[in-house]
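I have placed the structure first, in the form of structure tokens, so that the comments after it can refer back to it.
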Amino acid sequence: MNNYDVIVVGSGLLGLSTAYHAQKSGARVLVIDRGSVAYEASSRATGYLSLRADDPDEAPLAGMAEKLWDTLDEELGYPTEWTQKGRLWVAFSDKQVEELKGTYKAFTRADFGFELIDADACRKLIPILSPETRAGLYTPRSGHANPQRVSQAFAWAFQDHGGTILEHTPVYSVIEEAGKVKGVKTKSGDLYAERVVLCAGGYNAKLLEPFGVLFPVATVRLEALVTTPLPPMYEVGFIGLNGLSIRQTRRGNLHANGGPHEWVDVDADSEPNKPNTPIVRNLVRRMIEAFPVAKGAQLLRTWAGVLDITRDQKTIIHRFDHPEGLLVAAGAGHGFGMAPAIGIAMSELTLNGATNAPIKGLGLERFSTLSPNWKAEKQWHAGSYNT
Amino acid sequence: MSGKRIVIVGASRLGCEFALAARAAGHEVALVDEHPQELKNMSFDAPYFYGSGLPASLSDETAAFDNVLSSNEPLLECVENEVDVKVGVVAWGAFHNAANSQHIGTPKVGVVSREGNELLEYDALVLATGSRDFVPSFKGWELPGVLGGKAATKLLVSYQCFNGSNCLVLGTTSLAVEFARAARERGLDIAGFVEPTSAFRAGQADEAWAREQGIPIHFESVILEASGTDKVSSATVVRLDGEDDKSEVTCDTICVAIAELPNIELPAAMGCGLEFAEAIPAWVPILDANFQTTVPDVYWVSTFNDVDDQVARALAAIDGDESRSAVQQKRTAEGTNPAEYINLWVSKLSETGGTGVILCQCETVTRGEFLDLQPPRYLKSGLRHPHDAVTGGDVGPKISQDLLKRMTRVGMGHCQGKRCRDEAAILLSQRFGVPLKDIKPGSYRFPVRPIDMALIAAEDDDYHTREKWPHWMHEEVVPESVAGSAQR
């Protein structure tokens with residue numbers, strides 16, 4: 000009854016994507032979560048595919064994800080609202096133009112096409128851009144989807160293949176015997192599997208502590224909002240150098256994310272508290288500065304999520320030799336778009352011990368000299384507040 | 000004496016009573032009330048179900064202010080007693096230090112008026128947010144002329160601005176009779192009462208009044224359909240016991256006065272713990288013996304709290320006087336077993352009206368599409384949809400409305416579920432056999448009313464916020480807009 004081939008801890012997008020692919024490959028998979036499906040990072044994501052053109056280790060995985068997105072609706076059988084019209088970074092001041100040029104330089108290290116464009120070209124892509132627009136950095140690749148739909152699509156598709164999701168069930172530890180994983184200890188008793196995949200965001204660190212692993216992830220609370228629906232205006236993913244990302248949803252709402260960011264702790268027993276703060280008013284102000292037409296809309300809904308940032312802001316995909324059968328994955332604040340690829344990589348690593356997905360350089364080895372005090376040193380410890 | 004800063008949300012009878020008592024005790028009191036609302040904001044059907052047939056004369060704001068104030072005597076008394084009365088002001092959010100949000104400083108309420116927004120710091124926050132209409136769907140319920148009993152009474156008595164002249168009333172509750180009496184006093188006609196049981200719910204005296212007035216009472220009946228081209232012109236009433244026994248009732252207004260439910264958006268969204276009160280039936284804030292919610296210094300006073308001296312008790316707690324004996328919290332709603340009454344309406348309307356009736360007006364989703372968990376029509380069709388709304392394994396809630404709204408968008412429209420969330424939960428309960436208390440309600444979010452972007456935008460975007468915001472990984476700065484100037 001309580002035996003599975005694979006137990007995935009965490010029902011966020013990474014966990015669900017991993018579970019979906021493993022179940023589809025024939026394994027019996029359980030996804031377990033202390034809270035509800037996709038209620039932390041996955042419900043707060045902007046919904047962009049981040050082409051990590053500045054990072055030679057991540058760029059190939061992002062490229063793999065890009066191809067998967069094209070057919071994801073058909074693959075899963077549920078709508079994701081994927082739109083591939085590119086992404087546009089926009090500068091609104093001379094200072095931001097300089098930053099944009101720096102970003103451009105970093106992005107040319109990979110072979111995704113990026114170009115610096117002038118204000119008029121920016122307005123061809125987003126006609127509602129402010130008159131203050133100075134310049135943009137555009138890539139026709141990349142795109143965006145509805146994060147809640149995507150998470151739910153993976154969850155339902157996983158269940159359609161016979162997978163099981165257990166919500167509201169805290170996991171306290173990974174059970175190990177003689178160097179091998181045996182399962183997990185939960186609030187509702189022990190559950191057994193010879194392979195356990197940790198996709199629990201910041202809580203990964205706590206589950207890995209007993210194995211002497213310093214897992215370099217910090218959790219941060221971020222806020223998001225949507226306006227009432229507006230007529231269709233643009234389709235690219237907008238990133239303002241004034242500090243917020245805005246996409247227009249298929250329904251017409253403007254959906255925005257941005258700082259500041261409060262670093263938090265997570266525990267085993269409950270979904271972290273995710274309150275909004277008055278800072279949503281500053282987000283609104285920035286949205287109006289970028290898109291003056293937003294003045295004509297209403298603020299409809301705000302919410303917050305927690306997401307996980309790794310020490311080097313790069314994805315972690317790792318399979319442990321000791322104990323055998325233990326694996327871990329973490330996004331790094333931009334895991335959403337890469338999740339379809341990460342799920343395949345994790346599923347293959349879990350079931351076969353190897354994968355053809357381009358995950359070189361994404362293991363934990365790169366942190367071998369990490370200071371145990373890294374969070375405090377970086378001011379990423381709980382309670383620290385960054386704008 | 001040095002008074003505390005008390006902010007009261009809601010100039011209801013209880014809100015005003017609290018304000019006066021707190022002033023008398025020497026506190027500094029601000030009383031915030033969203034009425035008179037702007038006409039366009041009323042179209043979001045909050046706090047009441049105004050429907051789409053609002054009179055254009057409501058746009059005369061001077062008249063609206065005069066009428067709303069002059070019809071609220073306790074509020075005028077508050078003005079005279081130096082309560083800082085803020086009318087036409089929405090308390091859109093409230094903020095306090097809590098887990099994962101440690102930089103708020105002094106607790107504060109976000110308020111927004113026609114001019115802009117500000118944050119009011121408080122020592123105690125009293126939520127007297129009143130109740131709202133429960134209006135289940137039926138064919139034609141989106142037509143101008145359909146509105147809730149609370150909305151109808153408010154428009155008639157407070158705004159003194161009402162479009163209809165011949166009103167069919169659904170339900171025979173005290174609210175239904177209150178509206179009917181107010182309407183008759185103003186010379187309007189009541190085309191009838193529609194009641195699914197064989198008893199007049201408000202009681203014999205009110206039933207006798209209705210008969211004396213010559214108002215037809217359709218017992219053991221529900222509405223099948225509201226008809227009209229651009230406005231309600233008639234209603235089809237169907238008997239539940241007879242076979243296909245329908246009658247047409249001529250009317251220009253359909254007042255739905257089946258039940259009222261507590262307004263909990265603000266306490267829910269600010270993180271007050273909730274519990275399900277079977278007697279109402281609705282989610283309400285968990286309260287201690289002094290009506291304090293689980294958030295410190297936040298109190299909830301309500302006619303749904305079945306205690307006479309709640310104002311005195313809560314005020315004593317704010318004053319630090321804990322001498323009063325503990326009181327058992329009881330929740331009540333008008334009449335016997337309102338839960339059964341609400342359930343009866345929803346199930347009979349569903350049985351007679353079928354699955355094709357629009358459940359979610361904002362997103363145009365039918366009952367059938369919702370219960371089958373269909374994606375919305377603007378997404379491409381032909382994809383699968385899950386066939387079972389029940390989740391959660393053997394622990395936790397059995398159905399999550401949040402999960403369903405992600406798929407169907409029911410509850411995600413501009414009314415934010417104010418029209419549909421309760422009926423949606425009841426329909427789920429009836430369809431999947433899960434008790435209402437096991438249906439996790441959709442999250443409540445700030446702002447509790449949609450707010451013009453230009454009004455909610457921060458004016459106090461200080462230098463640090465402005466310059467440091469985009470570089471959030473690197474430096475620690477608490478912006479003034481979060482902490483307030485005192486915390487810097």
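Keeping their order, the protein sequence lines are chains A and B.
At position 99 of the first sequence the residue is numbered 98 (numbering that gives the first Met the number 0), and the sequence of numbers has no breaks.
At position 399 of the second sequence the residue is numbered 398 (numbering that gives the first Met the number 0), and the sequence of numbers has no breaks.
The beta-carbon is built from N, C-alpha and C at its ideal position, and this holds for glycine as well.
Enclosing alpha helix (DSSP H) for Cys121/A [first to last residue]: Per DSSP, Cys121/A belongs to the alpha helix (DSSP H) from 118–124.
Between which two residues does the alpha helix (DSSP H) harbouring Val176/B extend? Boundaries of the alpha helix (DSSP H) harbouring Val176/B: 173–184, taken from the DSSP string.
Output the residue ranges of the beta strand (DSSP E) runs that lie fully inside the region 74–160 of chain A and measure 3 residues or longer, sorted by chain position. 86–90, 114–117, 134–138, all fully within the region 74–160 of chain A.
Starting from Val345/B, follow the alpha helix (DSSP H) in both directions and report where the run begins and ends. Unbroken alpha helix (DSSP H) run through Val345/B: 337–352.
Given that a residue counts as buried once 16 or more other Cβ atoms are within 10 Å of its Cβ, and exposed if not, what is Val310/B? Classification for Val310/B: buried.
Chain-ordered residues of the region 287–309 of chain A with a beta carbon less than 8 Å from chain E: This model lacks chain E altogether; the protein chains it does include are A and B.
Give me the DSSP bridge partner(s) of Val89/B. Paired residues: Val111/B.
Write down every uninterrupted run of the beta strand (DSSP E) in the region 26–53 of chain A whose length is 3 residues or greater and which is fully enclosed by it, in chain order. Taking only runs of at least 3 residues, the beta strand (DSSP E) segments lying wholly in the region 26–53 of chain A are 28–31.
Minimum C-alpha distance to Ala10/B - residue among Val110/B, Gly441/B, Asp32/B: The shortest Cα separation from Ala10/B among Val110/B, Gly441/B, Asp32/B belongs to Asp32/B.
If you draw a straight line from the alpha carbon of Leu87/A to that of Arg405/B, how long is it in whole angstroms? Between Leu87/A and Arg405/B, the C-alpha separation is close to 27 Å.
Mind checking the region 405–438 of chain B against chain A and listing, in chain order, the residues whose C-beta falls within less than 9 Å of any C-beta there? Those would be Arg405, Met406, Arg408, Met411, Gly412, His413, Gln415, in chain order.
Flag Lys84/A as yes if its beta-carbon sits less than 8 Å from any beta-carbon of chain B, otherwise no. Closer than 8 Å: no.
If the cut-off is 8 Å on Cβ atoms, which residues from the region 266–281 of chain A count as contacting chain B, listed in chain order? Residues of the region 266–281 of chain A with a C-beta less than 8 Å from any C-beta of chain B: Pro271, Asn272, Lys273, Pro274, Asn275, Thr276, Pro277, Ile278, Val279, Arg280, Asn281, listed in chain order.
Threshold first: 4 residues or longer. Then list the alpha helix (DSSP H) segments lying entirely within the region 272–322 of chain A, N to C. Entirely contained in the region 272–322 of chain A, the alpha helix (DSSP H) runs reaching 4 residues are, in chain order, 279–289.
Where does Tyr298/B land, buried or exposed, given buried means 16+ other C-beta within 10 angstroms? Answer is buried; the Cβ neighbour count reaches 16.
Beta-carbon contacts of Pro146/A that lie in its chain and below 8 Å, excluding the five residues immediately before and after: For Pro146/A, the CB contacts under 8 Å within the same chain, skipping 5 residues up- and downstream, are Leu12, Ala37, Ser41, Ser42, Arg43, Ala44, Thr45, Gly46, Phe335 in chain order.
Pairs of beta-carbons, one from the region 138–145 of chain B and one from the region 212–229 of chain B, closer than 8 Å: are there three or more? Note that the region 138–145 of chain B touches the region 212–229 of chain B; at least 3 beta-carbon pairs, one per stretch, sit closer than 8 Å.
Compare the C-beta of Arg183/B against all C-beta atoms of chain A and say whether one is closer than 8 Å. Cβ-Cβ to chain A under 8 Å: no for Arg183/B.
Are the C-beta atoms of Tyr377/B and some chain A residue less than 8 Å apart? Chain A contact via Cβ: present.
At 8 Å on the CB atoms, spell out the chain A contacts of Pro449/B, in chain order. Simply Thr227, Gln297, Leu298, Leu299.
Quick one, which of Ala453/B, Val409/B, Gly14/B, Phe369/B has its alpha-carbon nearest Ala127/B's? The candidate whose alpha carbon is nearest that of Ala127/B is Gly14/B.
Specify, as a first and last residue, the run of the beta strand (DSSP E) that Thr249/B falls within. Here the beta strand (DSSP E) through Thr249/B covers 245–249.
Between Ile278/A and the rest of its own chain, which residues show a CB-CB distance below 7 Å, the 5 nearest in sequence each way excluded? Same-chain partners within the cutoff: Glu222, Pro259.
Using a threshold of 8 Å, state whether the C-beta atoms of Ala90/B and Leu265/B are closer than that. With contacts defined as CB atoms closer than 8 Å, Ala90/B and Leu265/B qualify as a contacting pair.
Using a Cβ-Cβ distance cut-off of 8 Å, determine whether Pro446/B contacts chain A. It does; some Cβ of chain A falls within 8 Å.
Interfacial residues, the region 70–100 of chain B to chain A, with Cβ spacing under 9 Å: Within the region 70–100 of chain B, the residues whose Cβ lies closer than 9 Å to any Cβ of chain A are, in chain order, Trp91, Gly92, Phe94, His95, Ala97, Ala98, Asn99, Ser100.
Can you tell me where the beta strand (DSSP E) with Thr235/B in it begins and where it stops? Taken as a continuous stretch (DSSP letters only), the beta strand (DSSP E) holding Thr235/B covers 233–238.
Measure the alpha-carbon distance for Thr185/A versus Arg444/B and round it to whole angstroms. The alpha-carbon atoms of Thr185/A and Arg444/B are separated by roughly 31 Å.
Can you list, in chain order, the residues of its chain with a C-beta nearer than 7 Å to that of Glu37/B? Leave out the 5 residues immediately preceding and following it. Within the same chain, Glu37/B has close Cβ partners Arg113.
May I ask which residues mark the beginning and end of the alpha helix (DSSP H) holding Ile455/B? Annotation: the continuous alpha helix (DSSP H) that includes Ile455/B extends over 452–455.
Which residues in the same chain as Arg194/A place their Cβ atom closer than 6 Å to its Cβ, once the five residues preceding and following it in sequence are excluded? Apart from the 5 residues on each side of it in sequence, Arg194/A sits with its Cβ closer than 6 Å to the Cβ of Val5, Gly324, Thr349 in its chain, given in chain order.
Can the beta-carbon of Ala288/B be found less than 8 Å from the beta-carbon of Val326/B? In this structure, Ala288/B sits near Val326/B, with a CB-CB distance shorter than 8 Å.
Shortest alpha-carbon distance to Leu197/A belongs to which of Val30/A, Trp302/A, Asp110/A, Gln247/A? Nearest C-alpha to Leu197/A: Val30/A.
Buried versus exposed call for Gln247/A [16 or more other C-beta atoms within 10 Å across all chains shown]: With 16 or more other CB atoms across the displayed protein chains lying within 10 angstroms of its CB, Gln247/A is buried.
Would Thr196/B and Phe178/B be called neighbours here (beta carbons separated by less than 8 Å)? Contact: no.
Nearest-angstrom Cα separation, counted from Leu154/B out to Glu70/B: Sequence inspection shows Ser at residue 70/B; the Glu mentioned does not correspond to that position. Going from the Cα of Ser70/B to the Cα of Leu154/B covers about 11 Å.
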